[in-house]
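Chains as they are written, first to last, in our numbering: chain A, 1 to 479; chain B, 1 to 483.
By construction, the Cβ of each residue, glycine as well, lies at the ideal position given by its N, Cα and C atoms.
Just so it is clear, the structure is predicted and the values come from calculations on it, not from any experiment.
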């Protein structure tokens with residue numbers, strides 16, 4: 001479309017670490033409490049209070065670094081980022097500046113069946129600010145400091161992405177990873193995972209980057225894609241119109257689907273970073289690294305490859321079924337409990353189960369049908385008690401109840417006919433009643449067979465195995 | 001009884017010569033009688049009397065500590081739950097902390113009585129007590145003179161017997177300099193020895209709380225309660241606390257004292273020099289060996305200090321923004337107005353000067369030339385001390401360039417004021433402990449001797465102070481009119 005332009009995107013992702021208490025105080029981090037009920041003296045920045053580093057936040061940051069194959073800094077330093085804002089209680093944010101805890105790493109993404117490696121420059125620990133509330137205060141601003149001091153891991157990518165699609169793929173992959181590692185709940189509505197996007201364009205073939213703009217605080221995959229695409233169009237329009245891009249921070253307005261200027265580089269704060277004298281440098285013992293490495297779960301990519309080999313899945317199914325740890329665990333439980341062919345479980349999971357969950361807007365963890373009950377159903381398909389078609393009917397009944405497949409099959413009388421004599425009797429009757437169709441089939445019109453099978457299935461109330469019926473019928477018609 | 005030492009007071013309480021309630025009431029009466037010294041920002045009489053009654057019960061039950069029932073006073077920089085903590089500033093004139101500083105908790109656990117909160121330079125920035133929002137405290141030895149600062153109220157309260165002992169904090173000399181000017185004993189501990197939690201920060205990497213008392217022996221008893229690791233202060237050091245009183249009488253035979261020649265250069269007033277050298281002679285008599293040492297980087301201490309301390313303070317004092325606590329200007333028009341007027345009206349001029357200097361030193365383009373350079377100088381100074389303290393056990397020198405100066409004498413010239421800490425500041429940059437001891441008088445005003453030791457050598461310093469006080473009586477002198 002804009003073939004003469006190349007897009008350059010880098011993302012900064014703020015991932016809220018799922019620690020029980022805040023990064024520098026003992027206050028709880030739970031979301032949704034009454035305003036200012038989860039802010040202690042340290043979070044309020046009262047005079048004389050001091051920060052104490054939450055070691056769990058350190059462990060989670062190191063875990064992340066190990067998972068992206070990054071350098072873990074043996075020595076990292078907290079710095080103060082100084083600026084005034086009402087929801088920033090101390091007048092500075094404790095962050096890391098020159099010496100972050102996680103150095104160079106990378107993450108592989110897949111776009112249009114191609115794998116691409118995205119560099120991660122760094123990831124550093126910092127505290128979140130509070131929230132300013134502009135509604136319900138008659139022209140005044142309310143401040144809720146519950147979020148102040150919540151631990152964040154800011155993950156900064158290299159400017160390696162070349163389209164909004166790649167940016168979203170990277171963000172999704174990172175989202176999947178932090179949830180796999182159980183270091184972040186990934187809840188985007190609650191702001192646990194949010195994104196700043198740096199966007200620039202340059203004429204294809206040019207080595208230097210174009211002037212970039214930064215879109216702040218985008219909190220959904222959809223908006224990231226839209227905001228970046230809007231910004232790309234805007235850059236190209238400006239440049240093609242002979243104008244210049246101003247380096248600035250912009251906000252994405254989802255309602256209008258546009259970005260607008262927040263502040264320019266000239267208005268940007270001088271944050272006067274300097275090492276925080278209240279906190280000691282963080283030393284990472286090699287033993288801690290080893291311990292955390294040994295605790296790393298199987299990572300998404302490794303799990304996907306295993307699913308392909310172990311369960312004979314195609315790339316697409318494996319990608320789907322390893323997209324979250326919960327889903328992958330659910331699948332593996334079903335396979336192991338059902339003891340059936342893995343392919344049957346794969347088809348049911350990627351088809352009926354995920355379809356029903358999507359339709360109901362539920363996560364796998366909220367599935368009304370447990371792995372045990374699903375396995376119970378698959379067992380009956382595998383041992384031919386019911387047909388695949390009947391199974392769908394049973395699944396629907398299971399979805400709306402707590403009943404097991406076996407009791408539904410029995411109650412509804414859905415056991416598949418295995419009495420060949422009885423099926424043959426019905427087949428004979430149908431052949432006798434449909435001489436025209438029989439004649440057509442025998443004359444080479446294969447389609448006529450379908451009508452006969454349909455009638456037989458109808459008379460067996462669907463309990464016969466369609467494959468068996470097919471075989472028996474053909475045997476009778478083709479002497 | 002206000003003239004008794006802490007040990008004597010503890011004995012008197014145990015032998016029921018007087019109760020803590022009587023003792024406390026007697027100090028409260030003295031505070032009331034000598035209000036003109038302006039030593040206290042807040043007198044917490046009601047709390048003090050309650051604590052005294054509780055102490056009397058504890059004494060009777062037999063589980064008292066050496067400080068149980070002893071009336072002390074706290075520098076108004078330590079947060080005290082329910083009692084105003086002003087830090088000497090209009091900014092916090094309305095601030096009542098909902099928590100205690102760790103040091104305060106320790107004194108409460110020991111059963112000490114808190115008479116009140118002591119005057120100080122605003123946010124501990126000052127060397128004369130003149131930057132206090134509440135006006136300067138007056139030196140009882142010469143009431144037209146400053147008591148020194150920033151812990152001026154503490155020094156005055158101890159010197160005029162308005163408290164049995166007191167706490168101070170020392171960022172660049174704020175315990176030692178007023179102790180010297182008021183003829184009392186003050187110990188600035190090793191950085192990390194005393195918890196900074198709840199102690200309102202001026203310059204976090206330099207601030208350290210410590211005891212201000214009439215003698216090294218009394219200081220040891222306070223230090224015992226103040227020192228120790230605190231999980232709430234990441235910079236506090238997890239090292240066991242020795243028994244500071246146990247080694248007070250250790251022999252000084254063979255003690256190696258270094259006199260930095262930079263301390264005794266021609267810049268030092270000759271009467272100061274002879275007073276201090278006489279004190280050093282006492283140590284020779286006690287068996288010490290005295291050698292000259294050289295510390296060439298000392299001259300860099302003042303500029304390095306004012307960059308680092310100001311940089312840290314510019315950030316530490318950002319929280320005083322009129323939003324959540326402290327002073328807020330009247331009917332702010334908007335957010336910028338709220339910030340600028342609350343801070344403009346709430347802070348005094350010395351605090352503003354240091355915030356401006358610090359902001360400048362940390363600004364983009366200046367950081368390397370100022371802040372980083374100052375940190376490099378700081379390392380050099382530490383190495384200088386390390387080298388010197390490898391050769392000798394302790395260093396001795398002046399605390400101040402002169403005895404207490406007149407109120408108003410240096411307020412118009414900040415650099416002259418800053419130079420009054422020229423002998424104390426380097427010690428904070430190095431994080432070392434140092435003791436100020438009364439060592440004589442010039443024109444009837446006290447002169448202090450500074451003893452600088454290696455890291456965590458507080459017990460040794462107190463021992464060195466105590467032995468000197470066994471053979472001299474400078475620390476027993478009292479200002480006229482406050483007996």
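Reduced DSSP secondary structure (H/G/I, E/B, other) of residue 212/A | Numbered from its first residue, the first chain carries residue 212/A at position 212. Note: residue 212/A maps to coil in three-state DSSP.
Hey, residue 143/A and residue 157/A: beta-carbon distance below 8 Å or not?
-> The count along the first chain starts at 1 and reaches residue 143/A at position 143. The count along the first chain starts at 1 and reaches residue 157/A at position 157. Their beta carbons are not under 8 Å apart, which means residue 143/A does not touch residue 157/A by this criterion.
Rounded separation between residue 286/B and residue 465/B - CA only = Numbered from its first residue, the second chain carries residue 286/B at position 286. Numbered from its first residue, the second chain carries residue 465/B at position 465. Whole-angstrom Cα-Cα distance: 12 Å.
Measure the beta-carbon distance from residue 256/B to residue 392/B and round it to whole angstroms, keeping in mind my assumption that it falls under 8 Å.
-> Against the second chain, residue 256/B aligns to sequence position 256. Against the second chain, residue 392/B aligns to sequence position 392. Rounded, the Cβ-Cβ distance is 4 Å, consistent with contact.
From 103/B, 320/B and 254/B, residue whose alpha carbon lies closest to that of residue 114/B | Numbered from its first residue, the second chain carries residue 114/B at position 114. Selected option, being the one with the closest Cα: 103/B.
Could you spell out the range, first to last residue, of the beta strand (DSSP E) harbouring residue 101/A?
-> As a first step, residue 101/A must be located in the first chain, where it is residue number 101. No beta strand (DSSP E) contains residue 101/A, which DSSP labels as neither H nor E.
Quick one: give me the first and last residue of the beta strand (DSSP E) that residue 122/A is part of.
-> Within the first chain, the letter at position 122 stands for residue 122/A. Here the beta strand (DSSP E) through residue 122/A covers 114–127.
Counting only beta-carbon atoms, is residue 233/B nearer than 8 Å to chain A?
-> As a position in the second chain, residue 233/B is number 233, starting the count at 1. With 8 Å as the cut-off, residue 233/B counts as an interface residue toward chain A.
Give the DSSP-derived three-state secondary structure of residue 198/A in the structure shown.
-> Position 198 of the first chain, counted from the start, is the residue given in the question as residue 198/A. Three-state DSSP puts residue 198/A in a strand.
So, is residue 444/B buried or exposed, given that buried needs 16 or more other C-beta atoms within 10 angstroms?
-> Position 444 of the second chain, counted from the first residue, corresponds to residue 444/B. When all chains shown are included, residue 444/B counts as exposed.
Three-way DSSP call (helix, strand, coil) for residue 378/A in this model | Working through the first chain from its first residue, we reach residue 378/A at position 378. Secondary structure of residue 378/A (DSSP, three-state): helix.
How should residue 283/A be labelled, buried or exposed, when 16 other C-beta atoms within 10 angstroms of its C-beta is the threshold for buried?
-> Taking the first residue of the first chain as 1, we reach residue 283/A at position 283. Burial call: exposed.
Give, in chain order, every unbroken run of the alpha helix (DSSP H) that is at least 4 residues long and sits entirely within the region 368–409 of chain B.
-> If we require 4 residues or more, the alpha helix (DSSP H) runs fully inside the region 368–409 of chain B come out as 373–391.
Outcome for residue 412/B when other beta-carbon atoms lying within 10 angstroms are tallied against a minimum of 16 | For the purposes of this step, residue 412/B is taken as residue 412 along the second chain, with counting starting at 1. The residue in question, residue 412/B, is exposed, as its Cβ has fewer than 16 Cβ neighbours within 10 Å.
Return the first residue and the last residue of the alpha helix (DSSP H) that residue 448/B is part of.
-> Reading the second chain from its first residue, position 448 is the one you call residue 448/B. Run containing residue 448/B: none in the alpha helix (DSSP H); it sits in the beta strand (DSSP E), 445–452.
Proximal residues of chain B, C-beta to C-beta of residue 278/A below 7 Å = As a first step, residue 278/A must be located in the first chain, where it is residue number 278. Neighbours of residue 278/A on chain B, chain order: 204, 234 and 235.
Which residues in the same chain have their Cβ closer than 7 Å to the Cβ of residue 194/B, if we skip the five residues on either side of it in sequence?
-> Taking the second chain and counting its residues from 1, the one referred to as residue 194/B is at position 194. Only 103, 208, 209, 210, 226 and 227 meet the Cβ criterion.
Using Cβ-Cβ distances below 8 Å, what residues of the region 47–59 of chain A are close to chain B?
-> 47, 48, 49, 50, 51, 52 and 53
Should residue 280/A go down as buried or exposed, given a rule of 16 or more other Cβ atoms within 10 Å for buried?
-> As a first step, residue 280/A must be located in the first chain, where it is residue number 280. Exposed, since its Cβ has fewer than 16 Cβ neighbours within 10 Å.
Return the residue from the list 61/B, 23/B and 89/B that minimises the CA-CA distance to residue 349/B.
-> For the purposes of this step, residue 349/B is taken as residue 349 along the second chain, with counting starting at 1. The shortest Cα separation from residue 349/B among 61/B, 23/B and 89/B belongs to 89/B.
Is the Cβ of residue 182/B closer than 8 Å to any Cβ of chain A?
-> Your numbering for residue 182/B matches position 182 in the second chain. Chain A contact via Cβ: absent.
Proximity test, Cβ basis, 8 Å: residue 226/B and chain A = One-based indexing of the second chain puts residue 226/B at position 226. No, its Cβ sits nowhere closer than 8 Å to a Cβ of chain A.
Using the C-alpha atoms, what's the distance from residue 205/B back to residue 118/A?
-> Mapped onto the first chain, residue 118/A falls at position 118. Mapped onto the second chain, residue 205/B falls at position 205. Distance between the alpha carbons of residue 118/A and residue 205/B is about 40 Å.
Spatial neighbours of residue 180/B in its chain, beta-carbon cut-off 6 Å, leaving aside the 5 residues before and after | The residue you call residue 180/B lines up with position 180 of the second chain. These residues qualify, in order along the chain: 399, 400, 436 and 448.
Going along chain B in order, which residues have a C-beta closer than 9 Å to the C-beta of residue 82/A?
-> Residue numbering aside, residue 82/A sits at position 82 when the first chain is read from its first letter. By Cβ distance, chain B contributes 314, 315, 318, 359 and 362.
Please say whether residue 138/B and residue 4/B have beta carbons closer to each other than 8 Å?
-> For the purposes of this step, residue 4/B is identified with residue 4 of the second chain, where counting begins at 1. For the purposes of this step, residue 138/B is identified with residue 138 of the second chain, where counting begins at 1. Taking 8 Å as the Cβ cut-off, residue 4/B and residue 138/B do not qualify as a contacting pair.
Chain A contacts made by the region 95–116 of chain B, where a contact means CB separation under 8 Å | Under the 8 Å Cβ criterion, the region 95–116 of chain B contributes 95, 97, 98, 99 and 101.
In the region 60–94 of chain A, which residues sit with their C-beta less than 7 Å from some C-beta in chain B, listed in chain order?
-> 80, 82, 84, 86, 89, 90, 91 and 92
Whole runs of the beta strand (DSSP E) within the region 274–342 of chain A, excluding any shorter than 3 residues | None, since the region 274–342 of chain A contains no complete beta strand (DSSP E) of that length.
Residues near residue 151/A by beta carbon distance below 6 Å, same chain, minus five either side = One-based indexing of the first chain puts residue 151/A at position 151. These residues qualify, in order along the chain: 17, 19, 23 and 57.
Kindly identify the DSSP beta-bridge partner or partners of residue 80/B.
-> Numbered from its first residue, the second chain carries residue 80/B at position 80. Residue 80/B is bridged by DSSP to 83/B.
Going by beta carbon distance, what residues of the same chain come within less than 8 Å of residue 258/A, once the five residues before and after it are set aside?
-> The residue given as residue 258/A occupies position 258 in the first chain. Counting only Cβ-Cβ distances below 8 Å, and skipping sequence neighbours, we find 230 and 252.
How many angstroms separate the CA atom of residue 219/A from the CA atom of residue 377/B?
-> Within the first chain, numbered from 1, the residue matching residue 219/A stands at position 219. Within the second chain, numbered from 1, the residue matching residue 377/B stands at position 377. So the two alpha carbons sit approximately 46 Å from each other.
Could you have a look at residue 145/B and say whether DSSP puts it in helix, strand or coil?
-> Position 145 of the second chain, counted from the start, is the residue given in the question as residue 145/B. It is a strand residue.
Quick check: the region 63–80 of chain A against the region 34–41 of chain A, are there 3 or more CB pairs under 8 Å?
-> no
Extent of the continuous beta strand (DSSP E) to which residue 5/A belongs | Residue numbering aside, residue 5/A sits at position 5 when the first chain is read from its first letter. Residue 5/A -> beta strand (DSSP E) spans 5–16.
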